[in-house]
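Report on one structure; see the data block that follows.
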Amino acid sequence: MIEILNPAEVARARVTGALVADILQAMKSRATVGTNLLDIDQWTKEMITEAGAESCYVDYAPSFGRGPFGHYICTGVNDAVLHGLPHNYDLADGDLLTLDLAVVKDGIAADAAISFIVGESRPAESVAMIEATERALAAGIAAAGPAAKIGDVAYAIGRVLTDAGYPINTQFGGHGIGSTMHQDPHVPNMGRPGRGFKLRPGLLLALEPWIMADTAELVTDDDGWTLRSATGCRTAHTEHTIAITEDGAEILTLPSR
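Heads up: the sequence shown is residues 8 to 264, going by the working numbering.
This is the structure:
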């Protein structure tokens, strides 16, 4: 299903997007050395509930997962890049933490992710990976607009990542979003210009460049959810939800303050 939202629905999406961004920034500020991933999950639950919103994850049970996700935020540490299931782990100095969050409020969902380093350490490889995903996301957003196609956006993202020297996995990528979290069209992190669905004003896309330092192969944890790099290398993931407008794209998942 591909949804095209009307102006009133896009306005509601801005509210949901700001909530997602605010929660992610709050969790980033609280994710210090010694913070437990389960505490991050609980704090996220509290903020979602206080805002009168609902989690997109708790009851989420797609074919690639093992039963309902059962938590409120994805927490990936170091080699865990996607669908990181919160568990009893205390963050350490230098950990690369990815937080991925999707909520729905007033019938419209928004989805975003951030990667950052915990504590005072700044491993050069980790910094480079995070910055590469941020540049790729910016390139994808710049390529999006009512005259563009999905392939144009995918190509823009992929070119930044490959130029930076990272392998690209196309099994998981960006996606349409609207009244539900995951919709068509799929937006791979590599593509060919001029191919695919033509973007239209009112279309919402969650663009999410993610990389692993030295492999394109994923492995799944015994929890049935957490996806890690097959080699144990570090990973990074950055995501925004955008709305296609008459003259470009608007980032919806920016903090309200």
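Glycine residues also receive a C-beta, built at the ideal position from the N, C-alpha and C atoms.
This one's a predicted model, so the numbers in the text were calculated from it and none came from an experiment.
G158 and R199: beta carbons closer than 8 Å?
yes
Of the residues D230, G77, A150 and F179, which one's Cα is nearest the Cα of T252?
A150
Nearest-angstrom Cα distance between D230 and A154?
42 Å
Nearest-angstrom Cα separation, counted from G59 out to D170
42 Å
So the beta strand (DSSP E) P192 belongs to, where does it begin and stop?
Q190 to V194
Among I11, D102, L26 and G77, whose alpha-carbon lies nearest the alpha-carbon of C240?
D102
Residues near D48 in its chain [Cβ-Cβ closer than 6 Å; skip 5 each side]
H78, Y79, I80 and P93
Alpha carbon of V88 to alpha carbon of R235, nearest angstrom:
6 Å
Which runs of the beta strand (DSSP E) fall wholly inside the segment 11-87 and span at least 3 residues, in chain order?
81-84
Bounding residues of the alpha helix (DSSP H) (the contiguous stretch that carries L206):
Unbroken run through L206: none, as it is neither H nor E.
Mind listing, in chain order, the continuous alpha helix (DSSP H) runs of no fewer than 4 residues lying wholly within the segment 112-179?
131-150 and 157-170
Return the first residue and the last residue of the beta strand (DSSP E) that L234 is part of.
L234 to S236
Could you tell me the boundaries of the beta strand (DSSP E) in which G198 lies?
Per DSSP, G198 belongs to no beta strand (DSSP E) and is neither H nor E.
Tell me the rounded alpha-carbon separation between G180 and L98.
27 Å
V110 and S36 - do their beta-carbons sit closer together than 8 Å?
no
Determine contact between the segment 125-143 and the segment 161-169, defined as no fewer than three beta-carbon pairs at a distance below 8 Å.
yes
Count the other C-beta atoms from every protein chain shown that fall within 10 angstroms of the C-beta of E132, then say buried if there are 16 or more, exposed otherwise.
exposed
At the level of alpha carbons, what is the spacing between A20 and A68?
23 Å
Local conformation of D97 per DSSP, three classes
strand
Quick one: using the 10 Å Cβ neighbour count with 16 as the cut-off for buried, is V56 buried or exposed?
Checking the sequence, you will find Thr at residue 56 rather than Val. The residue is exposed, with fewer than 16 neighbouring Cβ atoms inside 10 Å.
Have a look at L210 and T245 and give me their C-alpha separation to the nearest angstrom.
20 Å
What is the rounded straight-line gap between the Cα of P195 and the Cα of K205?
15 Å
Is Q178 buried or exposed, if buried means 16 or more other CB atoms sit within 10 Å of its CB?
exposed
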